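First the structure, in the form of C-alpha cells, and then the observations on it.
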Amino acid sequence: MGKDTRAIGVFDSGIGGLTAMRELTALLPNEHIIYFGDTGRVPYGTRSRETIIHYSRQNAHFLKSFDVKLLLIACNTASYAALSILQDELDIPVYGVIEDASLRAAELSRSHRIGVIATPATISGHSYRDRLHQLLPDVEVFEQACPLFVPIVEQGRFSPEDPLVQILTEEYLAPMREAKVDTIILGCTHYPLLTDAIAACVPGAALVNSGAEAARAIAAALQNSDLAAPVDQVGTRRYFVSDSTAQFEQNAAMYLRYPLGGSVERIEIESY
Ligand code: DGL
C-alpha cells in the first residue's frame, strides 16, 4: 500500500517530455508530478555530451530541491548522455526513456529490421542500436539523425499537410521505408507529435513512443511499492521552464490537447 506523498520529478529540454507526462498523469492520478522544461536551452540534441551532462545535472538538482522521490529523464538525448551519471549521483530511482522503448521495439518487431530516429547526439551514442543487439542478436538496426525535427516541433509545425514537415519526413524517413523496417523507435520525446507525418511516410511500420513506454514502466514499478502515493491522494501538477511561460503554455496546449492542470513558473536554471 502506497504512502509516499512526495512528488515525481520529470525533465526534458523543452516540451517533448510532455508526451511522457501525458501518459504518467493518466496512469498515476494520485501522484504529484513536477515537470521542468529547459526551454531556454533547447535543443540539446546538437550539443556536446559534456554540455548535455552539465544541463542534466542542473535540471536534476533543481527537481531534487522539491525532495522528489523518483526522477524521469523524459529526454532521449539526456538519457543517452547522463542517465548512468545521475543514477550514480542521486539517492533516488532515476529512469531514462531508452530502455523501455528498446524492450517494446524488440517485442513488436517480426522482421527484426528496426529503425531508430533521434537527435544527432542520441544517434552518435548508439544506445538503442547496442541495446537492440543485446535483445535480438540477429536484428538489423537502421539509425537516422533528424536534427531539424525538434526545432520544427518547438515551432508548432507538425501537421502532415505542412510542406516543410513533408520535405523533412521524406528526407529522414525514406531510408527507413527503403530498408523495409517494420518498427521505428521515435527516439526523441518530441517526435510523437510527428506521428501522422511519419506514419504517412512509412506506412505499416509500428511506431514506438519512448516517453509513453517509460511512463508505463514507472507506473508498473510503483504498483505495490512503498514509493507509491496514498490511494486517496489527489495528484497535482506543477511546471517550470527556463524561458517564456506563455510560449510553453501555448505549445503545451497543442501537445497535450488538454489543460496542463497546474501552474507554470519561470526559473533561473543556471543557478542550480
Ligand atoms: N526531447 C529530447 C529527446 O528526447 C530532445 C531534444 C533536444 O532538445 O534536442 O531527445
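Using the numbering used here, the first residue of the sequence shown is number 1, and each one after it goes up by one.
Glycine included, C-beta positions come from ideal geometry on N, C-alpha and C.
Please read these numbers as outputs of a predicted model, since none were measured by experiment.
Is the beta carbon of residue j closer than 8 Å to that of residue i?
{"i": "Ala228", "j": "Gly2", "result": "yes"}
{"i": "Met176", "j": "Val202", "result": "yes"}
{"i": "His275", "j": "Gly235", "result": "A query on residue 275 cannot be resolved here, the shown segment of the chain reaching from 1 to 272 and no further."}
{"i": "Leu186", "j": "Leu168", "result": "no"}
{"i": "Leu108", "j": "Thr183", "result": "yes"}
{"i": "Glu23", "j": "Ala217", "result": "no"}
{"i": "Glu213", "j": "Ala101", "result": "yes"}
{"i": "Gly14", "j": "Thr51", "result": "no"}
{"i": "Ile114", "j": "Val141", "result": "yes"}
{"i": "Thr77", "j": "Arg237", "result": "no"}
{"i": "His267", "j": "Ser242", "result": "One point to set straight first is that residue 267 is Ile, not His, in the sequence displayed. Yes; because the gap between Cβ atoms is below 8 Å, this pair is in contact."}
{"i": "Ile53", "j": "Ile85", "result": "yes"}
{"i": "Gly156", "j": "Cys75", "result": "no"}
Can you give me the start and stop residues for the beta strand (DSSP E) that residue i sits inside?
{"i": "Thr183", "result": "183-187"}
{"i": "Gly37", "result": "33-37"}
{"i": "Gln144", "result": "140-145"}
{"i": "Asn76", "result": "It is not in any beta strand (DSSP E) - Asn76 instead sits in the alpha helix (DSSP H) that spans 76-89."}
{"i": "Leu207", "result": "206-209"}
{"i": "Phe66", "result": "Phe66 -> no beta strand (DSSP E), and no H or E assigned at all."}
{"i": "Arg41", "result": "No beta strand (DSSP E) holds Arg41; DSSP gives it neither H nor E."}
{"i": "Arg238", "result": "237-241"}
In whole angstroms, give me the CA-to-CA distance for residue i and residue j.
{"i": "Tyr272", "j": "Ser111", "result": "46 Å"}
{"i": "Pro278", "j": "Arg49", "result": "Here the chain has residues from 1 to 272 only, and residue 278 is not among them."}
{"i": "Thr5", "j": "Ile152", "result": "38 Å"}
{"i": "Leu173", "j": "Ile198", "result": "7 Å"}
{"i": "Pro93", "j": "Leu148", "result": "32 Å"}
{"i": "Ser263", "j": "His133", "result": "42 Å"}
{"i": "Ala200", "j": "Gln247", "result": "29 Å"}
{"i": "Glu265", "j": "Gly37", "result": "10 Å"}
{"i": "Glu249", "j": "Asp138", "result": "44 Å"}
{"i": "Ala105", "j": "Asp91", "result": "30 Å"}
{"i": "Tyr80", "j": "Glu99", "result": "10 Å"}
First and last residue of the alpha helix (DSSP H) that includes residue i?
{"i": "Ser12", "result": "At residue 12 the sequence reads Asp, which differs from the Ser that was named. Per DSSP, Asp12 belongs to no alpha helix (DSSP H); it is in the beta strand (DSSP E), 8-12."}
{"i": "Gly125", "result": "120-125"}
{"i": "Glu314", "result": "Nothing can be reported for residue 314: it is not among the residues displayed for the chain, which extend from 1 to 272."}
{"i": "Val165", "result": "163-178"}
{"i": "Arg266", "result": "No alpha helix (DSSP H) contains Arg266, which is instead part of the beta strand (DSSP E) from 264-266."}
query = Taking one C-beta from the segment 7-16 and one from the segment 53-69 each time, how about it: are there three or more such pairs within less than 8 Å?
reply = yes
message = Using a Cβ distance threshold of 8 Å, determine whether the segment 40-54 contacts the segment 113-124, with at least three qualifying pairs required.
response = yes
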